[in-house]
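Q:
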Amino acid sequence: MAGNRASNLSARGGILMANSMSLENGNGASSQLSASGSISGNTASDMSSAAKNSSAAAGLARSESKARAAANALVLHDDVKMDASSNWLIAGNTANGVHVDGGTALVNALGAYRGARIERSPVMIAANTGSDVRASGGASQVAGVGSKSNGVLIANGLYMDGSGATHLSDSPLQIVGNQVRQLNAEGGRINANAVAINAQGSIRSSTVTMAGNTASNVRSEGNEGTVLGFAAFGKGVGQSNANAVQVLASMRNASLQLVGNSAGDVSAGEGLAAANSISQGDGGSVDGVQALLAMNSASNVRANDGKTALANSVQADGSMSNSGVSVMANQGGAQASDKDALANSVRSQRNARMSSSNVTIMANQGTARNGNANSVDVGGSLEGSSVAIMANQGSAGNGGTINGVGGKSRISGSQITILGNSGRVGKGVGNSVHTDGSIAASQITILGNQAIESGGGTVNSVTGKGSIRGASIVIAGNTGHASAGGLVNSVKNSGTIAGAQISLIGNQGSTTGGGKVNSVDNQGHLSGQVLIAGNRGSATMGGTVNSLVNQGVMSGSVVIAGNQGSAAAGGVSNSVINKGVIAGSVAIVGNTSMAAAGITSGSVRNMGGAVAGAVGVAGNTAYSANAGYTLATPSVGVVNRSVTVLPAVTVVSN
Numbered sequence: 001m002a003g004n005r006a007s008n009l010s011a012r013g014g015i016l017m018a019n020s021m022s023l024e025n026g027n028g029a030s031s032q033l034s035a036s037g038s039i040s041g042n043t044a045s046d047m048s049s050a051a052k053n054s055s056a057a058a059g060l061a062r063s064e065s066k067a068r069a070a071a072n073a074l075v076l077h078d079d080v081k082m083d084a085s086s087n088w089l090i091a092g093n094t095a096n097g098v099h100v101d102g103g104t105a106l107v108n109a110l111g112a113y114r115g116a117r118i119e120r121s122p123v124m125i126a127a128n129t130g131s132d133v134r135a136s137g138g139a140s141q142v143a144g145v146g147s148k149s150n151g152v153l154i155a156n157g158l159y160m161d162g163s164g165a166t167h168l169s170d171s172p173l174q175i176v177g178n179q180v181r182q183l184n185a186e187g188g189r190i191n192a193n194a195v196a197i198n199a200q201g202s203i204r205s206s207t208v209t210m211a212g213n214t215a216s217n218v219r220s221e222g223n224e225g226t227v228l229g230f231a232a233f234g235k236g237v238g239q240s241n242a243n244a245v246q247v248l249a250s251m252r253n254a255s256l257q258l259v260g261n262s263a264g265d266v267s268a269g270e271g272l273a274a275a276n277s278i279s280q281g282d283g284g285s286v287d288g289v290q291a292l293l294a295m296n297s298a299s300n301v302r303a304n305d306g307k308t309a310l311a312n313s314v315q316a317d318g319s320m321s322n323s324g325v326s327v328m329a330n331q332g333g334a335q336a337s338d339k340d341a342l343a344n345s346v347r348s349q350r351n352a353r354m355s356s357s358n359v360t361i362m363a364n365q366g367t368a369r370n371g372n373a374n375s376v377d378v379g380g381s382l383e384g385s386s387v388a389i390m391a392n393q394g395s396a397g398n399g400g401t402i403n404g405v406g407g408k409s410r411i412s413g414s415q416i417t418i419l420g421n422s423g424r425v426g427k428g429v430g431n432s433v434h435t436d437g438s439i440a441a442s443q444i445t446i447l448g449n450q451a452i453e454s455g456g457g458t459v460n461s462v463t464g465k466g467s468i469r470g471a472s473i474v475i476a477g478n479t480g481h482a483s484a485g486g487l488v489n490s491v492k493n494s495g496t497i498a499g500a501q502i503s504l505i506g507n508q509g510s511t512t513g514g515g516k517v518n519s520v521d522n523q524g525h526l527s528g529q530v531l532i533a534g535n536r537g538s539a540t541m542g543g544t545v546n547s548l549v550n551q552g553v554m555s556g557s558v559v560i561a562g563n564q565g566s567a568a569a570g571g572v573s574n575s576v577i578n579k580g581v582i583a584g585s586v587a588i589v590g591n592t593s594m595a596a597a598g599i600t601s602g603s604v605r606n607m608g609g610a611v612a613g614a615v616g617v618a619g620n621t622a623y624s625a626n627a628g629y630t631l632a633t634p635s636v637g638v639v640n641r642s643v644t645v646l647p648a649v650t651v652v653s654n
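Each residue of the sequence shown is one higher than the one before, starting from 1 at the first, in UniProt numbering.
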């Protein structure tokens, strides 16, 4: 079907087709497509279709009463199977001014419904153009009770839906060089230059390539509600997908490539807004999938009502295993409420697990308002996986995360590298690893990053609320600044650090309004080895610089050497502050500190506990190895290069 023109067409209460092919059910039996074909070089304009008046009782029973318009499209309906003999091309078509009230608009697209399957069939959708396309759920809301297809708009893409288990298997799909603009779905979903497989649909052993597509002004209002007490839609209400892949069930042994796509002004009123992204629903899983998102650009991607906005990102609501995800050289910005904006990021959420997978986020530029940019967010656990975040730039506001790894459960047996990133963050986290759970048998390296934080957040650091056991943490060569009591180039854990190796080397940092710089803050039991060496830092208003603060029992070894630090009145620099028991060894060697009234520098202070091990301050300084009750107090108000043990065990000062 080539070179045709159709215009000024209208239908009410039925199916309107222009330059299209539709395979329906054959007298109740399943139909099959075993033929190659093409739809190319066609033009369709000024088309409108509206549902019948739904007040009649008959309108409740007949699904045909809702409208459907197809322009330059191939439609497979009612359990149709498309098999290995079918190579299809949809290319070079143009559609403009297609309006559907109460149904579905298919423009330059392949639509498959109600258990339809595409198996071993190459499909290419290329160089098509769609503009001024609208679909609403209006007149057929009643007729559409129980349906998932009212108010759905598909342009230059593949759309599969229905009550059956639709799937794309063993098939190469290419969506290349398409353009869409000014698309609006009122009360439904938009899929522009996209793949959407809904209901129980899946992608299996297939290759999807999405490259060089452009989408602008794509908006889904999502204003449909319920009719006669029944939900008019299931999943997907109010969603906008532009240059995107959305699978609500599972993806297995598939290859997904999104390269060189551009999207701007993509918004969703009540659902997901996704641009140049991949999303998977909470009813399935991602297993054995290789995904590449490279050189895409997305701007002004917005979601409302607590929903998610994705720009050049991957989100799996189920588990992710044995997979590889690369997000490289993208530019993106996303905005949402409740920390649900993702730009150039990967998220596995809703207590899902990411296991035996590799994630690389490199050379991206991203901004996120209420969310994450250039980051990995694991709602469940991260197990046996490798995560690398390198050479990214960006900013995150309102408590978001930039160039970081976060999780709500545990990190175990994994490698995390955060290297050479720069960013700004407000009341949030930058270039850091932060988890609400535990870290076990993992390697974490934070190297050569730069970050500025405002509002008491965290930069170039590792934070945890559980335990850190058998882990190696290296924070080296970073530069950072935080205000309002933030955390810079540091490790902070509210549980136990056991058998860990922690190295803070060659960092530069500063904080205002308190906070901690180049330091380790543990609020439980600390064992293992801690090295704080060659750092430069400053803090004001009672901050902590180049130091270890332990709230419980310290039974490991601590070396603080070759640092330069200054802390204003009430602060601590190049020191160990222990509020429990020191049963290990502490050496403070060759540091340069500013000493003044109200400042603790180059010192070991055990507040309210005892020293059962060895502590020392070297270089014309005092040394104590639990030597008894010798008391030699320093000058009033100044603690500098000293060992102070309270109450009344040993106080030795230089």
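Backbone N, C-alpha and C fix where the C-beta goes; we use that ideal spot for every residue, glycine too.
This one's a predicted model, so the numbers in the text were calculated from it and none came from an experiment.
Buried or exposed for S7, please, with buried defined as at least 16 other CB atoms from any protein chain shown within 10 angstroms of its CB.
A: Here residue 7 refers to the residue found at position 7 of the sequence shown. S7 is exposed by the Cβ-count criterion.
Q: With DSSP as the reference, label S55 as helix, strand or coil.
A: Translated into the one-based positions of the sequence shown, residue 55 becomes position 55. Reliability of the predicted coordinates at S55 is poor, the pLDDT of 38 falling under 50, and no value is obtained from them.
Q: Between which two residues does the beta strand (DSSP E) carrying R410 extend?
A: Against the sequence shown, residue 410 aligns to sequence position 410. R410 -> no beta strand (DSSP E), and no H or E assigned at all.
Q: Please report the residue range of the beta strand (DSSP E) in which K465 lies.
A: One-based indexing of the sequence shown puts residue 465 at position 465. Counting along the chain, K465 falls outside any beta strand (DSSP E), and DSSP gives it neither H nor E.
Q: Under the three-state reduction of DSSP, which class applies to S603: helix, strand or coil?
A: Counting from one through the sequence shown, the residue named residue 603 turns up at place 603. Residue state, collapsed to three classes: coil.
Q: Determine which residues share a DSSP beta bridge with G242 and list them.
A: Stepping through the sequence shown from its first residue, residue 242 is reached at position 242. The sequence shown places Ala at residue 242, not Gly. Its beta-bridge partners are A192, A275.
Q: Over the uninterrupted beta strand (DSSP E) stretch that includes Q179, give me the two end residues.
A: If you number the sequence shown from 1, residue 179 lands on position 179. It spans 179 to 186 - the beta strand (DSSP E) in which Q179 sits, taken as one unbroken run.
Q: With 16 other CB atoms within 10 Å as the buried threshold, where does D521 fall?
A: Looking up residue 521 in the sequence shown gives position 521. Buried, by the Cβ-count rule.
Q: By the 10 Å Cβ neighbour count, where 16 or more other Cβ atoms means buried, how is G404 classified, buried or exposed?
A: Here residue 404 is taken as the residue at index 404 of the sequence shown, counted from 1. Per the 10 Å Cβ criterion, buried.
Q: Just how far apart, CA to CA, sit V102 and L153?
A: Start at 1 with the first residue of the sequence shown, and residue 102 comes out as number 102. Start at 1 with the first residue of the sequence shown, and residue 153 comes out as number 153. Note on identity: in this sequence residue 102 is Gly, with Val being the wrong assignment. Taking the straight line from one Cα to the other gives about 11 Å.
Q: Sort out for me which residues DSSP pairs L168 with in a bridge.
A: What you label residue 168 is simply residue 168 of the sequence shown in a count that begins at 1. Looking at the DSSP assignment, L168 forms a beta bridge with I118, I203.
Q: Cβ atoms of S171 and V123: under 8 Å apart, would you say?
A: Counting from one through the sequence shown, the residue named residue 123 turns up at place 123. Counting from one through the sequence shown, the residue named residue 171 turns up at place 171. Against a cut-off of 8 Å, the Cβ pair of S171 and V123 comes out as a contact.
Q: Below 8 Å between beta carbons: does that hold for N398 and G426?
A: Taking the first residue of the sequence shown as 1, we reach residue 398 at position 398. Taking the first residue of the sequence shown as 1, we reach residue 426 at position 426. A contact, by the Cβ cut-off of 8 Å.
Q: Let me check one thing: in DSSP terms, what residues is K492 bridge-paired to?
A: If you number the sequence shown from 1, residue 492 lands on position 492. T463, D521, per the DSSP bridge assignment.
Q: Count the C-beta pairs between the stretch 258 to 277 and the stretch 309 to 318 that are closer than 8 Å, then say yes if the count reaches three, no if not.
A: yes
Q: Going by DSSP, what residue range makes up the beta strand (DSSP E) through H481?
A: Taking the first residue of the sequence shown as 1, we reach residue 481 at position 481. Unbroken beta strand (DSSP E) run through H481: 479 to 482.
Q: List the whole-angstrom C-beta distance separating G514 from G542, where the pair is believed to meet the contact cut-off of C-beta under 8 Å.
A: Position 514 of the sequence shown, counted from the first residue, corresponds to residue 514. Position 542 of the sequence shown, counted from the first residue, corresponds to residue 542. Indeed, because the Cβ distance is near 5 Å, the residues count as touching under 8 Å.
Q: State the start and end residues of the unbroken beta strand (DSSP E) segment that holds T435.
A: The sequence position of residue 435 within the sequence shown is 435, counting from 1. T435 -> beta strand (DSSP E) spans 433 to 435.
Q: Hey, would you say Q450 sits closer than 8 Å to S422, going by beta carbons?
A: The residue given as residue 450 occupies position 450 in the sequence shown. The residue given as residue 422 occupies position 422 in the sequence shown. In terms of Cβ geometry, Q450 and S422 form a close pair [threshold 8 Å].
Q: Please tell me whether V586 and V615 are closer than 8 Å, where the distance is taken between their beta carbons.
A: If you number the sequence shown from 1, residue 586 lands on position 586. If you number the sequence shown from 1, residue 615 lands on position 615. Going by C-beta atoms, V586 is nearer than 8 Å to V615.
Q: For a quick check, are the C-beta atoms of N374 and I402 less than 8 Å apart?
A: Working through the sequence shown from its first residue, we reach residue 374 at position 374. Working through the sequence shown from its first residue, we reach residue 402 at position 402. Using a Cβ distance threshold of 8 Å, N374 and I402 count as a contacting pair.
Q: Let me check one thing: in DSSP terms, what residues is K516 bridge-paired to?
A: For this step, residue 516 is matched to residue 516 along the sequence shown. According to DSSP, K516 bridges with L487, T544.
Q: By Cβ distance below 6 Å, which residues in the same chain neighbour K81 in space, the five residues on each side in sequence not counted?
A: Residue numbering aside, residue 81 sits at position 81 when the sequence shown is read from its first letter. Around K81: Q32, R117.
Q: In whole angstroms, what is the alpha-carbon distance linking G165 and V208?
A: Here residue 165 corresponds to residue number 165 of the sequence shown, with the count starting at 1. Here residue 208 corresponds to residue number 208 of the sequence shown, with the count starting at 1. Inspection of the sequence shows that residue 165 is occupied by Ala rather than by Gly. Their backbone Cα atoms lie some 19 Å apart in a straight line.
Q: Could you give the uninterrupted runs of the beta strand (DSSP E) lying entirely in the stretch 61 to 113, keeping only those of 3 residues or more?
A: Unbroken beta strand (DSSP E) stretches of 3 residues or longer found wholly inside the stretch 61 to 113: 67 to 71, 74 to 76, 88 to 91, 94 to 101, 103 to 107, 110 to 113, given in chain order.
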